[in-house]
Amino acid sequence: MLASLLWILLVGFFFGQIARRLKAPPLVGMVLAGILLGPEGGNLLGTEVLGAADALRTIAVMVILMKAGLGLDREKLQQQGSVALRLGFLPAIGEAIAVAIASIWLFQFDLATGLLLGCVLGAESPAVIVPAMLRLKSLGWGVKKGIPDAILTGSALSDVLLLLVFSLVLARLSQTAAAGFTLGSLTVSPVLLLPMQVIGQIGLGALLGWATARLLVLLLAQQQWTQNSVQD
Numbered sequence: 010m011l012a013s014l015l016w017i018l019l020v021g022f023f024f025g026q027i028a029r030r031l032k033a034p035p036l037v038g039m040v041l042a043g044i045l046l047g048p049e050g051g052n053l054l055g056t057e058v059l060g061a062a063d064a065l066r067t068i069a070v071m072v073i074l075m076k077a078g079l080g081l082d083r084e085k086l087q088q089q090g091s092v093a094l095r096l097g098f099l100p101a102i103g104e105a106i107a108v109a110i111a112s113i114w115l116f117q118f119d120l121a122t123g124l125l126l127g128c129v130l131g132a133e134s135p136a137v138i139v140p141a142m143l144r145l146k147s148l149g150w151g152v153k154k155g156i157p158d159a160i161l162t163g164s165a166l167s168d169v170l171l172l173l174v175f176s177l178v179l180a181r182l183s184q185t186a187a188a189g190f191t192l193g194s195l196t197v198s199p200v201l202l203l204p205m206q207v208i209g210q211i212g213l214g215a216l217l218g219w220a221t222a223r224l225l226v227l228l229l230a231q232q233q234w235t236q237n238s239v240q241d
């Protein structure tokens with residue numbers, strides 16, 4: 010498994026740098042590296058890595074979103090007001106509805122299937138948006154007006170909304186959906202359980218992030234673990 014991970018890291022980095030030199034997004038080179046290493050290409054990856062692909066994808070998305078959160082400027086977001094919220098919700102809802110209507114008209118899908126397709130096509134890739142916006146911030150483009158911060162926040166909100174709608178519609182359509190949650194005489198259906206899970210996960214993530222930030226401030230400020238004290 011270690012050899013397969015090394016193959017992924019080295020070949021992915023190498024192809025990403027080649028794509029960058031060719032004035033193409035590095036992600037294009039990494040995708041080509043994945044095709045080359047995967048079962049449809051050279052088949053150089055072990056079965057353990059392929060079996061853990063879902064977990065690796067989840068970890069990768071977590072790292073990307075954490076990087077996006079660390080790159081946000083709270084003061085700029087406060088200056089923007091509701092711009093980030095509108096940027097996150099309105100385009101996502103509009104795209105999902107437009108694709109649903111088009112799929113009903115062109116492919117004779119029903120409304121639920123059309124909404125599933127709309128959520129898939131309307132979702133934005135954090136692997137593309139986050140590095141691009143952080144690069145714009147490093148170059149100073151739009152930083153004074155907080156444009157990269159608004160786009161980063163809007164992209165995250167858009168993905169959360171579309172994922173929630175997708176999960177709700179899929180749970181409604183699926184015949185093998187979970188039976189729900191029963192507490193005494195109260196039974197919560199899967200359709201109602203999903204929003205509760207999302208809200209709970211967001212709240213838990215915010216609480217853990219706040220606690221971690223406070224811990225770092227305590228370590229750095231009260232115990233004077235700063236760069237100046239180290240240099241002295």
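Residue numbers (this note's numbering): 10 to 241. Glycine is no exception: its CB is placed at the ideal position from the N, C-alpha and C atoms. Keep in mind the model is a prediction, meaning the values are calculated, not measured.
Check, Outcome
"Nearest residue (CA-CA) to ALA42, options LEU59, GLU57, PHE22, PRO157", "PHE22"
"Residue environment, VAL137, which counts as buried when at least 16 other CB atoms sit within 10 Å", "exposed"
"THR185 classed as buried or exposed, judged by whether at least 16 other C-beta atoms fall within 10 angstroms", "In this predicted model, THR185 has a pLDDT of only 49, less than 50, meaning its place in the structure is not dependable; the value taken from the coordinates is given anyway. Exposed is the call here."
"Status (buried if at least 16 other CB within 10 Å, exposed otherwise) for GLU84", "exposed"
"Reference TRP72; option with closest CA among VAL139, ARG95, PRO48", "Here residue 72 turns out to be Val, not Trp, going by the sequence shown. Ranking VAL139, ARG95, PRO48 by Cα distance to VAL72 puts VAL139 first."
"Alpha carbon of ILE102 to alpha carbon of MET142, nearest angstrom", "22 angstroms"
"Span of the alpha helix (DSSP H) around SER134", "No alpha helix (DSSP H) holds SER134; DSSP gives it neither H nor E."
"8 angstroms Cβ cutoff met for LEU96 and ALA109", "no"
"Simplified DSSP state of GLN117, which is helix, strand or coil", "coil"
"Burial state of ILE171 (16 or more Cβ within 10 Å)", "According to the sequence displayed, residue 171 carries Leu and not Ile. Label assigned to LEU171: buried."
"Buried or exposed by the 16-neighbour rule on C-beta atoms within 10 Å, applied to SER167", "buried"
"Reduced DSSP category for GLU84 - H, G, I as helix; E, B as strand; rest coil", "helix"
"Short Cβ contact (8 angstroms threshold) for ALA111 with CYS128", "no"
"Distance between ARG223 and GLY209 (C-alpha atoms, nearest Å)", "21 angstroms"
"Per-residue DSSP class, three states only, for THR185", "With a pLDDT of 49 at THR185, under the threshold of 50, the modelled position of this residue cannot be trusted, and the question is left open."
"Nonlocal neighbours in the same chain, by C-beta distance under 8 angstroms from ILE44, ignoring five residues either side", "GLY50"
"Own chain partners of VAL239 with C-beta closer than 7 angstroms, once the 5 adjacent residues on each side are dropped", "Low confidence applies to VAL239: its pLDDT is 46, below 50, so where it sits in the model is not reliable, and the reading given next is rough at best. Contacts found: none."
"Whole-Å CB distance - LEU74 paired with PRO135, under 8 angstroms assumed", "6 angstroms"
"Runs of beta strand (DSSP E) lying entirely within the segment 37-74, each at least 3 residues, in chain order", "none"
"Buried/exposed call for GLN89, threshold 16 Cβ in 10 Å", "buried"
"Chain-order list of residues whose beta-carbon lies under 7 angstroms from that of LEU145 (same chain, five-residue window excluded)", "GLY151, PRO157"
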